[in-house]
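**Student:**
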Amino acid sequence: MDSAANGRARARESASRDDDSTEAEITKVSAPPAPKPPAAAPARTAETLSITDNRTGKSYEIPIQDGTIRAMDLRQIKIKPEDFGIMSYDPAFTNTAACRSAITEIDGDKGILNYRGYPIEQLAEESSYLETAYLILHGELPARQQYEEWVHNITHHTILHENIKKFIDGFRYDAHPMGMLISTVAAMSTFYKDAKDIFNPKVRREHSYRLLAKVPTLAAFAYRHSTGLPFAYPDNDLSYTGNFLNMLFKMTEVRYKPNPILERALDVLFILHADHEQNCSASAMRGVGSSQVDPYSAVAAAVAALYGPLHGGANEMVLRMLTEIGSVTRVPDFVKRVKSGETRLMGFGHRVYKNYDPRAKIIKRMADQVFEVTGRNPLLDIALELERIALQDEYFVSRRLYPNVDFYSGLIYQSMRFPVDMFPVLFAIPRTVGWLAQWEEMLLDPEQKIARPRQIYTGRERREYVPMERRG
Ligand code: CMC
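Just so it is clear: in the sequence shown, position 465 is 471 by the working numbering, and no numbers are missing.
#1: Looking at Gly114 and Val359, is the spacing between their C-beta atoms short of 7 Å?
#2: Based on the DSSP output, what are the partners of Tyr121 in its beta bridges?
#3: When DSSP labels each residue in this structure, what does Lys171 get in the three-state scheme?
#4: Residue ranges of each alpha helix (DSSP H) run of no fewer than 4 residues wholly in the stretch 289 to 343, ordered along the chain?
#5: Quick one: give me the first and last residue of the alpha helix (DSSP H) that Ile142 is part of.
#6: Short check: CB of Leu432 to CB of Tyr414, under 7 Å?
#7: As a quick exercise: from Val221, Leu351, Arg423 and Leu166, pick the residue whose alpha carbon is nearest that of Met184.
#8: Starting from Thr54, trace the beta strand (DSSP E) both ways and give me its first and last residue.
#9: Specify which residues have a beta carbon nearer than 6 Å to any heavy atom of the ligand CMC, listing them in chain order.
#10: In angstroms, rounded to a whole number, what distance separates the CA positions of Gly355 and Pro409?
#11: Under 8 Å by Cβ, that's how I've got Ala226 and Phe205 pegged, so tell me the actual separation to the nearest angstrom.
#12: Confirm, please, whether the CB-CB distance from Ile331 to Thr138 is below 7 Å.
#13: Could you give the distance in angstroms between the alpha-carbon of Leu254 and the alpha-carbon of Glu67?
#14: Going by alpha carbons, who is nearest to Ala192 out of Ser94, Tyr153, Pro301 and Ile126?
#15: From the DSSP output, in three-state form, read off Gln375 for me.
#16: Using 7 Å as the threshold, is the C-beta distance between Thr54 and Ser65 below it?
#17: Between Gln444 and Ala311, which are expected to be in contact by the criterion C-beta below 8 Å, what is the C-beta distance as a whole number of angstroms?
#18: Tell whether a beta-carbon distance below 7 Å holds between Thr223 and Thr164.
#19: Could you name the residues of the same chain whose beta carbon sits closer than 6 Å to that of Glu470, not counting the 5 residues immediately before and after it, in chain order?
#20: If you run the structure through DSSP and keep just helix, strand and coil, what is Ile68?
#21: Just how far apart, CA to CA, sit Ala30 and Leu325?
#22: Does His213 pass the burial test, meaning 16 or more other C-beta atoms within 10 Å, or should it be called exposed?
#23: Is it right to say Ser20 is buried, meaning 16 or more other beta carbons lie within 10 angstroms of its own, or is it exposed?
#24: Pro207 by DSSP, collapsed to three states: which one?
#25: How many Å lie between Lys370 and Gly91 at the Cα?
#26: CB-CB under 6 Å to Cys286, same chain, minus the five flanking residues each way: which ones, in chain order?
#27: Counting along the chain, where does the alpha helix (DSSP H) carrying Gly73 start and finish?
#28: Could you pull out every residue in the same chain whose Cβ sits closer than 7 Å to the Cβ of Val328, ignoring the five residues on either side in sequence?
#29: Hey, Phe429 and Asn265: beta-carbon distance below 7 Å or not?
#30: Would you check if there are 3 or more beta carbon pairs closer than 8 Å linking the stretch 174 to 189 to the stretch 119 to 133?
#31: State the start and end residues of the unbroken alpha helix (DSSP H) segment that holds Gln420.
#32: Is the separation between the beta-carbon of Leu119 and that of Ile112 shorter than 7 Å?
#33: Hey, would you say Ala304 sits closer than 7 Å to Gly295, going by beta carbons?
#34: Beta carbon of His231, beta carbon of Ile188: below 7 Å?
#35: Check this for me: beta carbons of Ile160 and Ala219, under 7 Å apart or not?
Structure (structure tokens):
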């Protein structure tokens, strides 16, 4: 994960600094005269952190591993033996690694994103969403037969139980599709009671197929409901994204034929959204999953986390923002409002990336191919102008705010005829595999238990209950 990667990077950096300083000292002592003595082995620095508690004068040696100390090692630091010991305070987990993970690696400073070691650029160029999903869940790229079985299993789980249609029908016509998706994914747990057997690998795999296959169907049915169209059933002869487009846009034709450029563009967008290590929704998946609930309930929690405008809801907010700005000439005014703190430039900034989000680069390039089919999205000029100004404005430069994945994706989605409130759903569908991989990794990690952060209590001291008639 990111902090571990940073830890490794820091370890490499400090090792090379140590080498240099040892070399410099040797050179100073031994020159001249010749001959130069053999280079001594660099002194090995202890991989520990020394802490002195100034309240007691006591010192502690805390081990450092992967650039990290264990928060529990702080608990030995006490004034009196009966004390609780020191905790670390980290609201929003800005500097806390909550797990070890082998799935996704981000180097936020360099703008690097790898799934299971494979660079996102190569996957976006060479792979398909389902192949990438296999990689994310299993850790390796599939051999041909494994891939064919995987695609077959997912394709043959796309149909929903007919009862699910009935409760989709119960939503108001203007219900947000993310609200519908959260509820219907959660409701699926009531259809598959065996999914509770989460430590059985066969059961986990079976329900992973179901989730990957049925989430697009739920999403498409939610869309058809909101547009008043009859549900379009899955077509197993189409690709994962081709079938999704079919379930959304099929009208009276006997067979829906997706446009291959748009089908591939959606597939690439799905690859780019498949996982992103310990973000808000992955943490929700892990946190809720750590109570050992079934995967449908945990995925519903993850979808809910994704819904927020600071996470997966940002792509929708970008489109609304661009529409509100309305023209290139109004961009400078909008930037002023952002800088005064009145509003945020949606689709900009990231907790981890302090450089251009590599996903945004790929999407920006892909936009041209999509616009060749759909026609140019007129909001693109506003987006380009916002980016141009922001990338040279001191406010954004000093805070290292760059376009993230959501800045350009919405323009593509809109050009492909997706209504704006479907955008976060288009994030949730491909992210399902990331959530499942994070969940399984958490379940199988012997160090993990039910997630339970600590707090610093800031409320009142104990006091006695006062009956109502005696309250002022
Ligand atoms: N527009 C204007 N100012 C910003 C923005 C923005 N989009 N993002 C951060 N800042 C400022 C922020 O006001 C703060 O300034 P100051 O130091 O003067 O108080 C500084 O930059 C640091 O911001 P922060 O909120 O402490 O950073 P964070 O790491 O907590 O937030 C973020 C990350 C993504 C929530 C934030 O950048 C944001 O709100 N961006 C807009 C929403 C968005 O595009 N979200 C999608 C994220 S990518 C998809 C995903 O993975 O979910």
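C-beta atoms are modelled at their ideal positions from N, C-alpha and C, and glycine is treated no differently.
**Tutor:** Checking against the coordinates, here is how it stands:
#1: Strictly speaking, residue 359 in this sequence is Tyr, with Val absent from that position. Taking 7 Å as the Cβ cut-off, Tyr359 and Gly114 qualify as a contacting pair.
#2: Thr110 and Tyr124
#3: helix
#4: 301 to 313 and 320 to 331
#5: Tyr135 to His144
#6: no
#7: Val221
#8: Thr54 to Asp59
#9: His282, Asn285, Leu316, His317, Gly318, Ala320, Val344, Arg350, Leu351, Met352, Gly353, Phe354, Gly355, His356, Arg357, Arg405, Leu407, Asn410, Val411 and Asp412
#10: 6 Å
#11: At roughly 32 Å, the Cβ-Cβ gap does not stay under 8 Å, so Ala226 and Phe205 are not in contact.
#12: no
#13: 60 Å
#14: Pro301
#15: helix
#16: no
#17: At roughly 12 Å, the Cβ-Cβ gap does not stay under 8 Å, so Gln444 and Ala311 are not in contact.
#18: yes
#19: none
#20: strand
#21: In this predicted model, Ala30 has a pLDDT of only 32, less than 50, meaning its place in the structure is not dependable; the value taken from the coordinates is given anyway. Ala30 and Leu325: Cα-Cα distance of roughly 56 Å.
#22: buried
#23: Summary for Ser20: the model assigns pLDDT 35, below 50, so the residue's position carries little reliability, and this model does not support an answer.
#24: helix
#25: 50 Å
#26: Ala311 and His317
#27: Note, Gly73: premise wrong, no alpha helix (DSSP H); not H, not E.
#28: Note that residue 328 corresponds to Leu in the displayed sequence, not to Val. Excluding positions up to five away in sequence, the list reads Leu385, Ile388 and Ala389.
#29: no
#30: no
#31: Asp412 to Ser421
#32: yes
#33: yes
#34: no
#35: yes
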